[in-house]
Amino acid sequence: MESFLKLVATDLYNRTQGDLAHTAVVFPNKRAGLFFNEHLAEQSDTPIWSPAYVSISELFRSLSTWEVGDPVKLVCELYKVFLHETQSKETLDDFYFWGEMLISDFDDADKNMVDTDNLFTNLQDLKNIMDDYTFLNNEQEEAIQQFFQNFSIEHRTVLKERFISMWDALGNIYKKFHEVLSSRGIAYEGMLYRHVIEHLDVEALPYERYVFIGFNVLNKVEQTLFKKLQEAGKAIFYWDYDEFYMSSHSFVNADEPYPHEAGEFIRRNLRDFPSPLPAELFNTLARPKEIHYIAAPTENAQARYLPAWIRENLTKQEKETAIVLCNEALLQPVLHSLPDEVKHVNITMGFPLSQTPVYSFLTSLLELHTHGYNQHSGRYTYLSVVTLLKHPYTRQLSSNSESLEKELTKHNRFYPLPGELQRDEFLTLLFTPPSGSNLSLCLRISEILQQIAGIYRNETEEDLYRESLFKAYTTVSRFRTLIEEGELTVRPETLRRLLVKVLSATNIPFHGEPAIGMQIMGVLETRDLDFRHLIMLSVNEGQLPKSGGDSSFIPYNLRKAFGMTTIEHKIAVYAYYFYRLLQRAEKVTLLYNTSSDGLNRGEWSRFMLQFLIEWPHPIIRQYLETGQSPQSTFSITIPKTPEVMRKMQNVFDIRINKKAKFSPSALNYYLDCPLKFYYIYVAELSAPEQVSAEIDSATFGSIFHLAAENIYKDLTAHNNVIDKETLEALLHNEVKLQDYVDVAFKELFFNVSQDEKPEYNGVQLINSAVISRYLKQLLENDLRYTPFTFVGSEQPVQEDIEIKTPKGIIKSRIGGIIDRLDSKDGTLRIVDYKTGGDADTPPNVESLFTPAKKRSNYVFQTFLYAAIMCRKQPLKVAPSLLYIHRAATETYSPVIQMGESRKPKEPVEDFSIYETEFRERLQVLLEDIFNPEIPFTQTEIVEKCTYCDFKTLCKR
2 MESFLKLVAT
12 DLYNRTQGDL
22 AHTAVVFPNK
32 RAGLFFNEHL
42 AEQSDTPIWS
52 PAYVSISELF
62 RSLSTWEVGD
72 PVKLVCELYK
82 VFLHETQSKE
92 TLDDFYFWGE
102 MLISDFDDAD
112 KNMVDTDNLF
122 TNLQDLKNIM
132 DDYTFLNNEQ
142 EEAIQQFFQN
152 FSIEHRTVLK
162 ERFISMWDAL
172 GNIYKKFHEV
182 LSSRGIAYEG
192 MLYRHVIEHL
202 DVEALPYERY
212 VFIGFNVLNK
222 VEQTLFKKLQ
232 EAGKAIFYWD
242 YDEFYMSSHS
252 FVNADEPYPH
262 EAGEFIRRNL
272 RDFPSPLPAE
282 LFNTLARPKE
292 IHYIAAPTEN
302 AQARYLPAWI
312 RENLTKQEKE
322 TAIVLCNEAL
332 LQPVLHSLPD
342 EVKHVNITMG
352 FPLSQTPVYS
362 FLTSLLELHT
372 HGYNQHSGRY
382 TYLSVVTLLK
392 HPYTRQLSSN
402 SESLEKELTK
412 HNRFYPLPGE
422 LQRDEFLTLL
432 FTPPSGSNLS
442 LCLRISEILQ
452 QIAGIYRNET
462 EEDLYRESLF
472 KAYTTVSRFR
482 TLIEEGELTV
492 RPETLRRLLV
502 KVLSATNIPF
512 HGEPAIGMQI
522 MGVLETRDLD
532 FRHLIMLSVN
542 EGQLPKSGGD
552 SSFIPYNLRK
562 AFGMTTIEHK
572 IAVYAYYFYR
582 LLQRAEKVTL
592 LYNTSSDGLN
602 RGEWSRFMLQ
612 FLIEWPHPII
622 RQYLETGQSP
632 QSTFSITIPK
642 TPEVMRKMQN
652 VFDIRINKKA
662 KFSPSALNYY
672 LDCPLKFYYI
682 YVAELSAPEQ
692 VSAEIDSATF
702 GSIFHLAAEN
712 IYKDLTAHNN
722 VIDKETLEAL
732 LHNEVKLQDY
742 VDVAFKELFF
752 NVSQDEKPEY
762 NGVQLINSAV
772 ISRYLKQLLE
782 NDLRYTPFTF
792 VGSEQPVQED
802 IEIKTPKGII
812 KSRIGGIIDR
822 LDSKDGTLRI
832 VDYKTGGDAD
842 TPPNVESLFT
852 PAKKRSNYVF
862 QTFLYAAIMC
872 RKQPLKVAPS
882 LLYIHRAATE
892 TYSPVIQMGE
902 SRKPKEPVED
912 FSIYETEFRE
922 RLQVLLEDIF
932 NPEIPFTQTE
942 IVEKCTYCDF
952 KTLCKR
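Everything in the sequence shown is counted per our numbering, starting at 2 for the first residue and increasing by one.
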């Protein structure tokens, strides 16, 4: 393979006889110059003067006294001009992001040397004088006519009015913006380029000869520069192309051949600026070569394929092998996938700052002091605080961060005060609210970054993280300077968005010898370079060509009419990059991701499909499959070994554990899944504590229970008899009912003192209203039951029992907490509140002890309480389940009913009828639990696993 740069180096050396001391070689980017210099050195056996190597951007900047301004400062300057010219009241916060778009449009207009007087003229004038636009060719004239067909000036809407009024001011804004910037000696890139061309004196240029190598699309300022140098006899042009895409192609069903988009700009360049190299040197793409198309199920699967590809395809000279990343976010997995066979590697793209710890730390810190802090209440939000407390930097610099995080989680502190968080010097720095100004926020961030830098002071192998800190610090310093100068006056939220945007676009350059080692590069870095063996990753639609970035204030048809950049330009440019990369390679592998995820549609690039159809040779198509087999699950059985039996006795025998007790929940767990019972009560496992702004069903129920308990405590403070008048009075006092709800929320959810006002968010406010409504339904149901005697609420009950085991008697107890006890007409009613679910009607007592998908857990719990209360007092016992969300109807009764399906149901108004059978079956259950021959097994009813805390442990 003879590369393009070698061909050019040979021709240029022969053409100049090695006299290159007064020659400047200009490339689209700087990278190609390093490789070109090597090839040039090979042409001579003796030392020669090297030419000057510059990129096109460096060339233009060297010819101007202006500096390219800071992008943020440029938008701030444009905003001042915008206010002056439009008298608008728009804030910089609202203007900033479309101000960037406006500068991008001005930049494009200047690079293409658009007649801005005509472009930004009044739209009505533009329509009237169209016939006088002699500078428009037929295609451009058709485009502007198309614009006015689609955009009727006469039929105006509010949106059109706003567009037209803004458009009419653009001409003055453009001119005034130029005046302001030029007076300050700064410019945006297009403005600088245009100024250079309009004032260029070719004879005053520092070099006698300019050699332009490997360009493709040329904007108008570049074309003008090339033309002036060509006319002065000071330019040589070398274009890289292939006859394969320079000629027209045709498909079977096409009426006529079509011009290939990859050669669109090269055809024009060769016509206007001929190359000294003969065309026969550029006919390699049509020759046979080994090309593979490989479909991968994920992005990372492509990186995992790399070691196998490299071992098979790494060239002897490693620099002749390249990995090209169409999706540059793959850099990190690619670096971790490089095998030991790679001795040297050169990474052309920078490492994204967004993939370093300092980026995640800063985004969390900015979130904390903007969205995460409420100026009115003086509180932070739990999520923003904990995100920062969990960060590795915080953990390294504060010994209290982990314990503080656990404490906030344990106490459900949704809105902690700054004072609770300031446990040490570093936490005080993090959690002291800035004074409210952007300057104080930037100063605070800078101070914190200086503290973090101390972590790496004695580290010798953490250059990447040290450099990322430096980049972040200098970026924040840039913003601080703009704020101090009064240029950037925005809300903290806008400052956050700006900082995150700039930081996420920042890269950390890698240092090394570019011309040595296997190359890892982005698509743009491949310009002018050739490789023998090549692999491209993420060759997907949306990555090649890149999607997005087409926002513009100037409508498409006007852009086309005035010769500005359009989407077709971008597609043609990427088509050229793609085909040019393939033309001299010997072995090419193109991978694409087949999964649909987010913006990725799992579609291969249009260029792959196009090349598959056009290329006259076979292409090998393959598919990557993961080498992992599905993990099989095995049933889990825990035998009741002597050690397990001892542990159970320690937990449930009151002679060893004074608090030993079988609660209804424990027995229900065993009936539903013996293994879950083992995890909770024997292995003593529990789900990790979490804080969520969402209220789960258990918390919702607890808040309702506490509010109901407090209501009846107050109602029975002087008299246990509840009458109709008392309940009616409370039902009419909605403020007092809401107070009961607030008290319960503050105690069980917000964990704040009762003199503080609860900070409800939207969902919490809805939950509060629902609980308030449920309390009304409870009181309305009780109103129909009056008068009755309120016996107690949240009443603990228990009963000692003996359990026979092969090793002797276990002395234990059963019991729990009854939501409510009330009596009327010689009947003690056990009421269990339920804020969710549907009423169960068990067919018989046996069904309560038989594992099944719809076994009545709630009825089992209430019956257990009823069995205990039957032996503790003389009244009849009626177990009841009060489903609050069903209690609104006049006929609703909480009394439990039993009976077979399709047969009459019997209300359980006297539990003594069922007590004997219930106790017998309960005794059998308890003896099974302590039977060493019956192991703890997984439930066979998989529906029970849906919301189980241990389902990942069981792999269910």
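Backbone N, C-alpha and C fix where the C-beta goes; we use that ideal spot for every residue, glycine too. Here the structure is a predicted model, which means the values were calculated and not measured.
Inset, instruction - Helix, strand or coil for lysine 472, going by three-state DSSP, please let me know. - result: Taking the first residue of the sequence shown as 1, we reach residue 472 at position 471. Three-state result, lysine 472: helix.
Inset, instruction - Starting from the N-terminal side, write out each stretch of the alpha helix (DSSP H) that is 4 residues or longer and does not extend beyond the region 851 to 892. - result: 858 to 871
Legend entry - C-beta atoms of serine 794 and glutamate 710 nearer than 8 Å: Taking the sequence shown and counting its residues from 1, one reaches residue 794 at position 793. Taking the sequence shown and counting its residues from 1, one reaches residue 710 at position 709. Taking 8 Å as the Cβ cut-off, serine 794 and glutamate 710 qualify as a contacting pair.
Legend entry - Beta-carbon gap between tyrosine 679 and phenylalanine 937 smaller than 8 Å: In the sequence shown, counting from the first residue as 1, residue 679 sits at position 678. In the sequence shown, counting from the first residue as 1, residue 937 sits at position 936. Closer than 8 Å, so yes.
Inset, instruction - Have a look at Lys835, Leu876, Glu486, Lys877 and flag the residue whose alpha-carbon is nearest the alpha-carbon of valine 860. - result: Working through the sequence shown from its first residue, we reach residue 860 at position 859. Here the closest residue by C-alpha is Lys835.
Legend entry - For cysteine 443 and phenylalanine 663, the rounded distance between their alpha carbons: If you number the sequence shown from 1, residue 663 lands on position 662. If you number the sequence shown from 1, residue 443 lands on position 442. C-alpha separation (whole angstroms): 58 Å.
Legend entry - Assumed close pair alanine 53, tyrosine 208 - CB separation to whole angstroms, cut-off 8 Å: For the purposes of this step, residue 53 is taken as residue 52 along the sequence shown, with counting starting at 1. For the purposes of this step, residue 208 is taken as residue 207 along the sequence shown, with counting starting at 1. With 8 Å as the limit, alanine 53 and tyrosine 208 qualify as a contact, their Cβ atoms being about 7 Å apart.
Legend entry - Straight-line Cα distance separating lysine 714 from phenylalanine 789: The residue labelled residue 789 in the question sits at position 788 within the sequence shown. The residue labelled residue 714 in the question sits at position 713 within the sequence shown. Answer to the nearest angstrom: the Cα atoms are 15 Å apart.
Inset, instruction - Report, in whole angstroms, the separation of the C-beta atoms of phenylalanine 238 and phenylalanine 266, which I expect to be a contact under 8 Å. - result: Taking the first residue of the sequence shown as 1, we reach residue 238 at position 237. Taking the first residue of the sequence shown as 1, we reach residue 266 at position 265. Going by Cβ atoms, the distance from phenylalanine 238 to phenylalanine 266 rounds to 13 Å, so no, they are not a contact pair.
Legend entry - Run of the beta strand (DSSP E) containing methionine 646, from where it starts to where it stops: For the purposes of this step, residue 646 is identified with residue 645 of the sequence shown, where counting begins at 1. Where methionine 646 is concerned, there is no enclosing beta strand (DSSP E), although the alpha helix (DSSP H) it sits in stretches over 643 to 653.
Legend entry - Closest by C-alpha distance to glutamine 43, when choosing among Ser65, His512, Leu8, Val26: Counted from its first residue, the sequence shown places residue 43 at position 42. Note that residue 43 is glutamate in the sequence shown, not glutamine. Comparing Cα-Cα distances from glutamate 43 to each of Ser65, His512, Leu8, Val26, the minimum goes to Leu8.
Inset, instruction - Could you tell me whether any non-hydrogen atom of the ligand FAD is closer than 7 Å to the CB of glutamine 303? - result: Absent from the structure shown: the ligand FAD. Ligands present: none.
Inset, instruction - Assign lysine 956 to one of two classes, buried (16 or more other C-beta atoms within 10 Å of its C-beta) or exposed (fewer than that). - result: Counting from one through the sequence shown, the residue named residue 956 turns up at place 955. Lysine 956 should be labelled exposed.
Legend entry - Whole beta strand (DSSP E) elements within the region 775 to 835, 3-residue minimum: Counting only runs of 3 or more, we get 789 to 806, 809 to 825, 828 to 835.
Legend entry - Rounded distance between the beta-carbons of threonine 476 and leucine 504, thought under 8 Å: Within the sequence shown, the letter at position 503 stands for residue 504. Within the sequence shown, the letter at position 475 stands for residue 476. Indeed, because the Cβ distance is near 6 Å, the residues count as touching under 8 Å.
Inset, instruction - Could you tell me whether any Cβ in chain B is nearer than 8 Å to the Cβ of lysine 812? - result: Of the chains in the structure shown, none is chain B; there is only one protein chain.
Inset, instruction - Going by DSSP, name the residue or residues bridged to glutamate 281. - result: Looking up residue 281 in the sequence shown gives position 280. DSSP output for glutamate 281 lists no bridge partner at all.
Legend entry - Limits of the beta strand (DSSP E) - the one that tyrosine 54 falls within: If you number the sequence shown from 1, residue 54 lands on position 53. Element bounds for tyrosine 54: 53 to 56.
Inset, instruction - Can you tell me which of Ile174, His719, Ala309, His370 puts its alpha carbon nearest to the alpha carbon of proline 419? - result: Along the sequence shown, read from residue 1 onward, the residue named residue 419 stands at position 418. Nearest of Ile174, His719, Ala309, His370 to proline 419, Cα basis: His370.
Inset, instruction - Put glycine 437 into one of helix, strand or coil per three-state DSSP. - result: Translated into the one-based positions of the sequence shown, residue 437 becomes position 436. It is coil, neither helix nor strand.
Inset, instruction - Would you mind giving the Cβ-Cβ distance between threonine 225 and methionine 114, rounded to the nearest angstrom? I have them listed as a contact below 8 Å. - result: By one-based count along the sequence shown, residue 225 stands at place 224. By one-based count along the sequence shown, residue 114 stands at place 113. At roughly 7 Å, the Cβ-Cβ gap stays under 8 Å, so threonine 225 and methionine 114 are in contact.
Inset, instruction - Hey, could you find the ends of the alpha helix (DSSP H) isoleucine 267 is sitting in? - result: Stepping through the sequence shown from its first residue, residue 267 is reached at position 266. Per DSSP, isoleucine 267 belongs to the alpha helix (DSSP H) from 265 to 273.
Legend entry - DSSP-derived helix/strand/coil call for methionine 522: Within the sequence shown, the letter at position 521 stands for residue 522. Looking at methionine 522 - three-state DSSP - the assignment turns out to be strand.
Legend entry - Neighbour-count burial assignment, arginine 32, 16 or more Cβ in a 10 Å radius: On the sequence shown, position 31 is the one that residue 32 refers to. Buried is the call here.
Inset, instruction - Out of Arg785, Glu426, Ser813, Ile819, point me to the one whose CA is closest to valine 792's CA. - result: In the sequence shown, the residue the question calls residue 792 occupies position 791. Nearest of Arg785, Glu426, Ser813, Ile819 to valine 792, Cα basis: Ile819.
Inset, instruction - Go ahead and pull the three-state DSSP assignment for aspartate 132. - result: The sequence position of residue 132 within the sequence shown is 131, counting from 1. Only weak support is given to the placement of aspartate 132: the predicted model assigns it a pLDDT of 47, under 50, and the question is left unresolved by the model.
Legend entry - proline 905 beta carbon less than 8 Å from that of leucine 672: Here residue 672 refers to the residue found at position 671 when the sequence shown is read from its first residue. Here residue 905 refers to the residue found at position 904 when the sequence shown is read from its first residue. No, the Cβ-Cβ distance between leucine 672 and proline 905 is not below 8 Å.
Legend entry - Meets three-Cβ-pair contact criterion under 8 Å: the region 573 to 592 and the region 357 to 364: Below 8 Å, too few C-beta pairs join the region 573 to 592 and the region 357 to 364 to call them touching: fewer than three.
Inset, instruction - Enumerate, from N- to C-terminal direction, the unbroken beta strand (DSSP E) stretches of 3 or more residues contained entirely within the region 320 to 401. - result: 322 to 326, 346 to 348
Legend entry - Given 8 Å, three or more beta-carbon pairs between the region 547 to 560 and the region 61 to 72: no
Inset, instruction - Within 10 angstroms of the Cβ of aspartate 826, are there 16 or more other Cβ atoms? Answer buried if so, exposed if not. - result: Start at 1 with the first residue of the sequence shown, and residue 826 comes out as number 825. Answer is exposed; the Cβ neighbour count stays below 16.
Legend entry - leucine 206 and alanine 516 closer than 8 Å at C-beta: Here residue 206 refers to the residue found at position 205 of the sequence shown. Here residue 516 refers to the residue found at position 515 of the sequence shown. Cβ distance not < 8 Å, so leucine 206 and alanine 516 don't count as in contact.
Legend entry - Assigned exposure category for histidine 733 - 16 Cβ within 10 Å defines buried: Position 732 of the sequence shown holds residue 733. Exposed: under 16 other Cβ atoms inside 10 Å.
Inset, instruction - Assign glycine 1012 to one of three DSSP states: helix, strand, or coil. - result: Outside the displayed range of the chain (2 to 957) lies residue 1012, so it cannot be described from this structure.
Inset, instruction - Measure the C-alpha to C-alpha separation of glutamine 584 and tyrosine 474 and round it to an integer number of angstroms. - result: The residue you call residue 584 lines up with position 583 of the sequence shown. The residue you call residue 474 lines up with position 473 of the sequence shown. Taking the straight line from one Cα to the other gives about 44 Å.
Inset, instruction - Starting from the Cα of alanine 506, find the closest Cα among Ile620, Pro353, Leu538 and give me that residue. - result: One-based indexing of the sequence shown puts residue 506 at position 505. Here the closest residue by C-alpha is Pro353.
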